[in-house]
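In our numbering, the protein residues as written are 241 to 698.
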């Protein structure tokens with residue numbers, strides 16, 4: 241009997257090993273067909289694997305997702321086929337979650353909602369419910385900027401339609417929640433991009449993979465910036481000062497001890513330019529008393545600046561910058577201080593803009609600030625007309641750096657760089673300079689500028 245059981249086990253094990261090997265071979269053939277753009281063959285392998293080998297490897301589902309998405313594209317607008325493949329795609333997501341729960345469940349509802357949204361199948365309510373469930377129960381994996389934007393747009397539409405549960409406060413809360421999630425999604429990319437930019441600025445070349453990652457980070461950051469801009473455009477009519485001030489005034493007393501409410505209310509009033517109203521001062525003071533954090537110190541800095549107490553405002557702003565651990569927020573505060581010094585102390589303005597770039601090397605707005613600071617103050621360069629206008633090259637360089645490091649300001653930066661280069665000395669002026677041909681030579685500027693620029697080579 242023992243011998244028979246051993247033989248049966250050996251036969252069974254051999255059978256399963258052979259079946260597993262066949263599944264792996266078929267999986268390899270599916271991947272090869274997909275890479276060769278033989279989608280029909282890849283699709284046939286996919287269907288066979290789903291039926292006979294659903295647990296062969298999680299790659300079955302990552303490839304399967306791409307294959308079904310390609311089938312939807314190839315349906316070329318045929319509504320019935322698009323719907324059928326979209327439904328099958330969501331079925332594939334469920335199969336992945338069932339067979340590989342440790343990875344397949346991550347982002348499941350978000351993906352299913354995106355399928356309905358992207359391919360216009362299912363109802364608006366079904367799509368919203370998937371997004372809403374994902375946001376409430378699986379926020380860590382809700383990382384699609386397209387899904388986040390679609391979710392917010394649906395919330396605003398429900399509010400505008402007067403649906404229960406979508407009051408103005410609900411819209412504002414969700415706007416803040418989604419904005420925070422977008423910041424979280426973008427933070428890792430921004431930090432990774434900063435590291436690569438710091439490497440290039442140190443004179444080191446990026447590897448081929450690093451160049452690819454740099455382009456990926458830039459695309460992601462640009463996507464997030466576009467989504468934020470679109471969200472702001474949607475909510476702008478709901479959040480004018482005329483509406484916000486009475487809205488928050490009504491709820492202020494009940495929320496004096498609610499730190500999250502105070503922070504979000506002050507953020508919105510500040511963002512919409514309502515920070516000159518006494519309500520902003522009251523909210524900011526309440527927030528600081530509750531928790532003298534970086535955010536609270538920053539808000540009090542805004543209050544003091546509005547009151548004309550510049551020295552006190554700078555004290556709070558510097559306190560906030562010192563307390564912030566997040567490089568992006570620290571950079572934002574430093575650039576705000578630079579702007580305050582822009583007319584009164586250009587050396588300090590430049591210094592704080594440079595601090596902003598130290599905190600966040602990919603902060604294009606700080607580079608644009610420096611470009612404007614140099615381009616608007618050429619008379620401070622001293623010397624003759626050639627030297628003064630040579631400052632435009634310095635300004636153009638800063639604008640070009642902004643374009644290179646920050647895709648969210650690229651269009652503006654490129655336009656500004658072109659404008660400055662056009663205003664700089666011409667080739668004729670370079671060649672006919674009284675001191676001889678200036679091509680490739682350095683021009684240095686004193687005063688607060690303390691910078692040099694190389695004249696373009698002819």
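Cβ coordinates follow ideal geometry from the N, Cα and C atoms, glycine included.
Cα separation between residue 450 and residue 442? 15 Å
Could you spell out the range, first to last residue, of the alpha helix (DSSP H) harbouring residue 543? 534-546
Would you mind stating whether residue 479 and residue 512 have Cβ atoms separated by less than 7 Å? yes
Coil, strand or helix - residue 600 by DSSP: coil
What is the DSSP secondary structure of residue 588, reduced to helix, strand or coil? helix
What does DSSP give as the partner residues of residue 694 in its beta bridges? 682
What did DSSP end up calling residue 382 once you bin it into helix, strand or coil? coil
So, helix, strand or coil for residue 551, using DSSP? helix
Residue 253 - DSSP class collapsed to helix/strand/coil: Residue placement at residue 253 cannot be trusted, given a pLDDT of 45 that sits under 50; what the coordinates show is reported in the next sentence. In this structure, residue 253 counts as helix in the three-state DSSP scheme.
Report the option in 579, 532, 578 and 589 whose CA atom is closest to the CA atom of residue 563. 532
Counting Cβ pairs closer than 8 Å, one from the segment 324-339 and one from the segment 287-294, do we hit at least three? yes
Nearest neighbour of residue 381, chosen from 612, 351 and 307 [CA to CA]: 351
Would the segment 565-579 and the segment 590-602 be scored as touching if the rule is three or more Cβ pairs under 8 Å? yes
Relative to the alpha-carbon of residue 597, which residue among 438, 446 and 669 has its alpha-carbon at the smallest distance? 438
As a quick exercise: from 497, 493 and 522, pick the residue whose alpha carbon is nearest that of residue 506. 522
Can you list, in chain order, the residues of its chain whose CB lies under 6 Å from that of residue 496, leaving out five sequence neighbours each side? 526
Out of 616, 539, 498 and 313, which one is the CA nearest neighbour of residue 508? 539
Across the segment 626-646 and the segment 672-690, are there enough close Cβ pairs to call them in contact, namely three or more that are closer than 8 Å? yes
For residue 680, which residues in the same chain have their Cβ closer than 7 Å to its Cβ, ignoring the five residues on either side in sequence? 694, 695 and 697
My output table needs one value for residue 359: the three-state DSSP class, helix, strand or coil. coil
Whole angstroms are fine: how far does the CA of residue 565 sit from the CA of residue 418? 21 Å
With distances taken Cα to Cα, identify the nearest neighbour of residue 274 among 265, 370, 286 and 425. 286
Short Cβ contact (7 Å threshold) for residue 665 with residue 626: yes
Taking only three categories from DSSP, how would you classify residue 298? coil
Residue interval of the alpha helix (DSSP H) (run including residue 319): 319-339
Between residue 477 and residue 465, what straight-line distance do the alpha-carbon atoms span, to the nearest angstrom? 20 Å
Which term fits residue 354, buried or exposed, when burial requires 16 or more other beta carbons within 10 angstroms of its beta carbon? buried
Where residue 495 falls: helix, strand or coil (DSSP): helix
Under 7 Å between the Cβ atoms of residue 642 and residue 607? yes
From which residue to which residue does the alpha helix (DSSP H) around residue 286 run? 279-292
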